[in-house]
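Report on one structure; see the data block that follows.
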Ligand code: SAM
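Numbering (the UniProt record's numbering), first residue to last: 12 to 261.
What follows is the structure, given as structure tokens:
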């Protein structure tokens, strides 16, 4: 059927392509992608040959309108280099325009580094905020982190290996006393999810310079980690102890 199909692709391990993704890539009329070489390789691995159209959200409005119009009669798959399109990847404007033009849009869920990092970290996940890439300049990074400091949730960032130490240091200052997880090379041979307080992680990665792709997670502010229930139980325990010691004293 014509329309836009947002297709998640693997973030490292090619075995993570879904059956539906293969089916749609096989049946669509063409694939809009970030980098035709990267997507060409994936399709080749799957034994699929399709027209590839380079797409990014900064493409000229005219090019995007043409692509959107073509979806009245064609099925177009949107993929990014890895993972879920639109998550720190192109696609937002395309999806927005398709919806505005009444083009059918559907999504095929699959790998997403942010979600995998969260689930693997073991950090509280009842509330989380994905905040994309940290700014690369020191001052902008500090201000960005300070803005997020009051949010009672686990924070998720995308990070690159060369910046990890600086970011850990900035987190230590702007978000003190919060547990951090470094989820690296997810689904790949050297997958790792290391958790600790920033000083310990800084010491570790100083001695073992990290390589590859990284999701950086910061647990919620410590005083808020305690749930209402935990607090009630602690209070009840304390009262019982007081009563017991008063009784023992009499
Ligand atoms: N759309 C992708 C997704 O759904 O995960 C993310 C694209 S974003 C341009 C690339 C960033 O995602 C990397 O810099 C890294 O922070 C994170 N990432 C992607 N693959 C990863 C992996 N296998 N392990 C850890 N982080 C990864």
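Even for Gly, the Cβ is constructed at its ideal location relative to N, Cα and C.
query: Residue burial classification, residue 247 (beta-carbon count within 10 angstroms, cutoff 16); result: exposed
query: Buried or exposed by the 16-neighbour rule on C-beta atoms within 10 Å, applied to residue 119; result: buried
query: C-alpha distance - residue 56 paired with residue 86, whole-angstrom precision; result: 21 Å
query: Same chain, Cβ closer than 7 Å to residue 172, neighbours up to 5 away in sequence not counted; result: 221, 222, 223 and 225
query: Residues near the ligand SAM, criterion Cβ-heavy atom distance below 5 Å; result: 22, 23, 94, 95, 98, 99, 100, 123, 124, 169, 197, 224 and 226
query: Proximity to residue 15 [Cα-Cα], best of 249, 23 and 106; result: 106
query: Assumed close pair residue 67, residue 101 - CB separation to whole angstroms, cut-off 8 Å; result: 4 Å
query: Beta-carbon spacing of residue 134, residue 190 below 8 Å; result: yes
query: Local Cβ density within 10 Å of residue 111, reported as buried at 16 or more and exposed below that; result: exposed
query: Buried or exposed (CB count within 10 angstroms, at least 16 for buried), residue 210; result: exposed
query: Exposure of residue 117, with buried meaning 16 or more beta-carbon neighbours within 10 Å; result: exposed
query: Minimum length 4: unbroken alpha helix (DSSP H) runs contained in the stretch 68 to 122; result: 72 to 81 and 103 to 111
query: Exposure label - residue 147; buried when at least 16 CB within 10 Å; result: exposed
query: Closest residue to residue 181 among 153, 21 and 205 (Cα-Cα distance); result: 153
query: Backbone CA spacing between residue 177 and residue 208 [nearest angstrom]; result: 15 Å
query: Pairwise C-alpha distance: residue 179 and residue 155; result: 14 Å
query: Buried versus exposed call for residue 82 [16 or more other C-beta atoms within 10 Å across all chains shown]; result: buried
query: Segments of 3+ residues assigned as beta strand (DSSP E) that fall wholly inside the stretch 182 to 214; result: 191 to 195 and 203 to 207
query: Option nearest residue 174 by Cα separation, candidates 157, 162, 187 and 193; result: 193
query: Residue from 204, 32 and 128 whose Cα sits closest to the Cα of residue 96; result: 32
query: Terminal residues of the alpha helix (DSSP H) in which residue 125 lies; result: 124 to 132
query: Spatial distance of residue 60 from residue 54 (CA atoms); result: 6 Å
query: Beta-carbon proximity of residue 169 to residue 91, cut-off 8 Å; result: no
query: Spatial distance of residue 39 from residue 84 (CA atoms); result: 11 Å
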